[in-house]
Each structure stands twice: as C-alpha cells, then as structure tokens.
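Participant: Have a look at this one.
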Amino acid sequence: MILSSELNVPANKRMKLRATLLLITLTASLCLACRQPQQSAPPVKPTPSPPNVSGPPGFPPPVMNKPYPGTGVVAKVNRNEGYVEINHEEIKDLMPAMQMEFNVKDKSLLNDVKAGDKVNFTIVETEKGEWLTAIKKVSAP
Ligand SMILES: [Cu+2]
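Just so we're aligned: the sequence shown equals residues 882 to 1022 in this note's numbering.
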C-alpha cells in the first residue's frame, strides 16, 4: 500500500488532490440523489398574475361593451362631475352588491334622479373604463 505521503508530490498538491476527490464524491452523491424518485409534494402550479380586466372574486371577467342591467338605490348624485353613487344589488356576471360611484356617459342622465330613488340602470365596460349609460327611477323614497 502506498501512502500519499510516500508519493513524490508536494504537500499543497496533495491537498488539492484530496479536495478534488472530495468534490467528485459530493457531486456523485448529489447526482444519485437527484435520480431518486421524487417523494415530495406535487409541483405547485404557477399562479398567473391576474389580468387588468379580471372580474371580482367569483365573477367572470367583464365583457367589453356589453350592457349589464342593475338595480339599486341612489346614494349621491354629482351632476357637475358626472357621477352617481348607487347602493346596488348584485349585477349578474359583473360584481357583487356594494355601494359605489359610477361615471355617467352623459350628465343629463342624472337630471331626473336624486338620493333615495330606487333605480334601474345599465353599466357598460369599455377599455377606457366603466360607464353608466342609462338610469331610470323605479320609485321615489
Ligand atoms: Cu359595484
């Protein structure tokens, strides 16, 4: 048996040799490890980043330029800025019940409604935003 110290190799080279052997051993065992059948949890599906036009949770993405009918009670009318705040019921396939402001396509739509009125209205989604395109008083408070 030949000991490494008996070889005519300088001490620093022997160290390098040992380090190399260690590296090879480590690499080999790592390779074996990665060939083992995977027992770990199933791969996690990548979560796609939500598109800008996704609907609220539980609702499909809004269909552009499709009229969505809604019902609610007017909370506030702002004719100068052209919006109306409505406490609305669920708008089917668009959003759950909530109180929110809608910009109106035409400010004159707000001429005949005031806070407290129960209304039917129409919402249209466009690439540039959400518009209230029609509003009709059903009953006054
Ligand atoms: Cu809403």
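The beta carbon of each residue, even a glycine, is placed where N, CA and C say it ideally should be. These numbers were taken from a predicted model, which means no experiment stands behind them.
Rounded to a whole number of angstroms, what is the C-alpha to C-alpha distance between V857 and W1012?
Facilitator: With the chain running from 882 to 1022 in the structure shown, residue 857 is simply not present.
Participant: Under a Cβ-count criterion, where at least 16 other Cβ atoms within 10 Å of its own Cβ denotes burial, should G951 be classed as buried or exposed?
Facilitator: With 16 or more Cβ atoms within 10 Å of its Cβ, G951 is classed as buried.
Participant: Leaving out five residues on either side along the sequence, give the residues of the same chain with a beta carbon under 8 Å from the beta carbon of K1017.
Facilitator: Excluding sequence neighbours, K1017 sits near V1000, N1001 and F1002.
Participant: Is the beta carbon of A1015 sitting closer than 8 Å to the one on L990?
Facilitator: For A1015 and L990, yes; Cβs fall inside 8 Å.
Participant: Quick check on S935: does DSSP put it in helix, strand or coil?
Facilitator: It is coil, neither helix nor strand.
Participant: Which residues in the same chain have their Cβ closer than 7 Å to the Cβ of P937, if we skip the five residues on either side of it in sequence?
Facilitator: Excluding sequence neighbours, P937 sits near M976 and P977.
Participant: Quick one: residues with CB closer than 6 Å to any heavy atom of ligand 1, in chain order, please.
Facilitator: Residues flagged by the Cβ proximity filter: H969, M976, M979 and M981.
Participant: In whole angstroms, what separates the C-alpha of S935 from that of P948?
Facilitator: Between S935 and P948, the C-alpha separation is close to 17 Å.
Participant: Just list the beta strand (DSSP E) runs in the region 973-1007, keeping only unbroken ones of 3 residues or longer that don't cross its boundaries, in chain order.
Facilitator: Here the runs fully enclosed are 979-985 and 999-1007.
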